[in-house]
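See structure below.
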Amino acid sequence: MKLAVAGTGYVGLVAGVCFAEVGHDVTCVDVDKNKVELMESGRSPIFETGLEELMRKNYALGRLHYTIDYKNAYKDADAIFIGVGTPERPDGSANLSYIATVSRQIAESVERDCLVVVKSTVPVGTNDKVEQFIRDFLVKDVTVEVASNPEFLAQGSAVHDTLHAARIIIGTESKQAEETLMKIYEPFQLPIVSVSRRSAEMTKYAANDFLALKISYMNDIANLCELVGANIEDVAKGMSYDARIGANFLKAGIGYGGSCFPKDTKALKFLAEQAGYRLETVEAAVEVNARQKTRLFQKASNRMITFEGLKVAVLGLSFKPGTDDLREAPSIDNVELLLAYGAEVCAYDPVAMDNFKKKYPEGMKGRGKISYVQQPEEALKGANICFVFTEWKEIKEIGADTFKRLMQTPLVYDGRNIYDLKSMKEYGVEYYSIGR
Ligand code: UDX
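Next comes the structure, spelled out in structure tokens:
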């Protein structure tokens, strides 16, 4: 089928490339000419395992195109997918201005009946409005229907998550729209859950917020474990055998970050308030997460007289491994605090350092100072404290002996529970992690 995809971020580009991979003819539209040229040269604007390989393959096969010319891309498409961002507004609500812009462009461009599919995460009821908006501005006498098809991919495994999704959610209001989406997804051979448009929109938030809640719950229990002398990892293991609980998303740590959980929890809370309902479970998840992010810093500040002039190794900057994304990363809150308290931060991350440097250029910042190194060992050399914020393989592999040998005072705060308690003790490293 002939498909167009608006937006070439995580959602749009990955969807477009995967649609091409299963045989559809796909045109990815973006407003940024440089981005289009970059993609035409076979390079991806986002860091995502396996994506460039599929981009090159499908571009060479002639079934994947990139353009800024939205009119041509939309005019005769069977379906147009919207995968643009819905960033968080200061009040926690979702900003829909990119969706509105694309909707207007679609209305002005389509020359035949077509289905518009919203992949972006949008508040419940938005698709009804998008449909009305497009119909209001249609130039040609054609029929445009809107469907919801939320995305559940996780960064770092986006291609795999799309090609092997646990399920595809489609939300439609007509048999025809349902059939079109079924046909588009048929080659993926995945379970499809077909529901109403509003239920599809709600499913996305409910699923994401449930996972955020699961993490916050485990972090809450982990904090309690510390106080009562239990070990969260043993507790999680014991819980995981219960099929009703499951083994995933039970890892306690420094709190969730990324582009989805923080934004979607706040957006659902906002949506509930608008509807006159207090969503207390989600509110609690948000609060616990905010506290959790700086928990290790608080612990360290209780232990030290000052951070002034101390060399602090920061290992891991991205919100999780496998991505260079820093959105809502716990590293930011902590580095910000460390610098404000006068620490000399020496940071390492295998891929996110360049992004971090844009926010915190090398040199003085506040009362502190920040520098970057290419190897974790360099950061540890002569350090007084080490904080671990991301469980990258390179960081996990550091042995207790290395902390002991390289640090001036071997004091480690691990936000990801990646080191062995016994071996840290054996080597005389003063070691704090979460809930152990
Ligand atoms: C998430 C969802 O997994 C995905 O389905 C949705 O579409 C978008 O949001 P993503 O943000 O890419 O994906 O990453 P994910 O791997 O889910 O991790 C999110 C955050 O939770 C990370 O900061 C991670 O470190 C944290 N996390 C995850 C935990 O602290 N403990 C866990 O057990 C799992």
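Numbering of the sequence shown is given in full-length UniProt numbering, commencing with residue 1 and proceeding in unit increments.
Backbone N, C-alpha and C fix where the C-beta goes; we use that ideal spot for every residue, glycine too.
- In this structure, the C-beta of A154 approaches the ligand UDX to less than 6 Å from one of its heavy atoms.
- The C-beta of N58 has 16 or more other C-beta atoms within 10 Å across all chains shown, which makes the residue buried.
- The alpha-carbon separation between G92 and K266 amounts to approximately 5 Å.
- Close CB contacts of L138 within its chain, under the 6 Å cut and outside five residues either way in sequence, are with A107 (chain order).
- F387 and Y413 have their C-alpha atoms spaced approximately 5 Å apart.
- In this chain, the beta strand (DSSP E) harbouring H65 covers L64 to T67.
- G428 counts as exposed, since fewer than 16 other beta carbons sit within 10 angstroms of its beta carbon.
- Beta-bridge partners of Y432 (DSSP): Y413.
- Looking at A77, K71, G85 and P90, the one whose alpha-carbon comes closest to that of Q105 is K71.
- Annotation for A73: A4, T27, V29 and T67 place their beta carbon closer than 7 Å to its own, counting only its chain and skipping 5 residues before and after.
- Between P330 and G276, the C-beta spacing is not below 7 Å.
- Residue pairing by DSSP places G363 opposite I370 in a beta bridge.
- Cα atoms of G50 and H164: separation of roughly 14 Å, rounded to the nearest angstrom.
- Beta-bridge partners assigned by DSSP to L115: A79 and E145.
- Rounded to whole angstroms, E40 and V84 show a C-alpha spacing of 20 Å.
- Of the candidates S433, R405, A400 and E426, S433 places its Cα closest to the Cα of G415.
- Residue side-chain check: I215 places its Cβ nearer than 6 Å to a non-hydrogen atom of the ligand UDX.
- Within its own chain, the residues whose Cβ lies closer than 7 Å to the Cβ of P187, once the five positions on either side in sequence are excluded, are V22 and G23, listed in chain order.
- Counting along the chain, the unbroken alpha helix (DSSP H) around S301 starts and ends at R295 to R303.
- In the three-state reduction of the DSSP assignment, K311 falls in the strand class, which pools E and B.
- The closest heavy atom of the ligand UDX lies less than 6 Å from the beta carbon of F249.
- With respect to the C-alpha of M218, the residue from A207, A206, N208 and N231 having the closest C-alpha is N231.
- Residues of the same chain with a CB within less than 6 Å of the CB of L211, apart from the 5 flanking positions on each side, are F249 in chain order.
- With a cutoff of 6 Å, G257 counts as near the ligand UDX, since its C-beta is closer than that to a heavy atom of the ligand.
- When only Cα atoms are considered, D333 and L213 end up about 21 Å apart.
- Looking at the DSSP output, L421 shares a beta bridge with no other residue.
- A direct Cα-Cα distance of roughly 14 Å separates V195 from G125.
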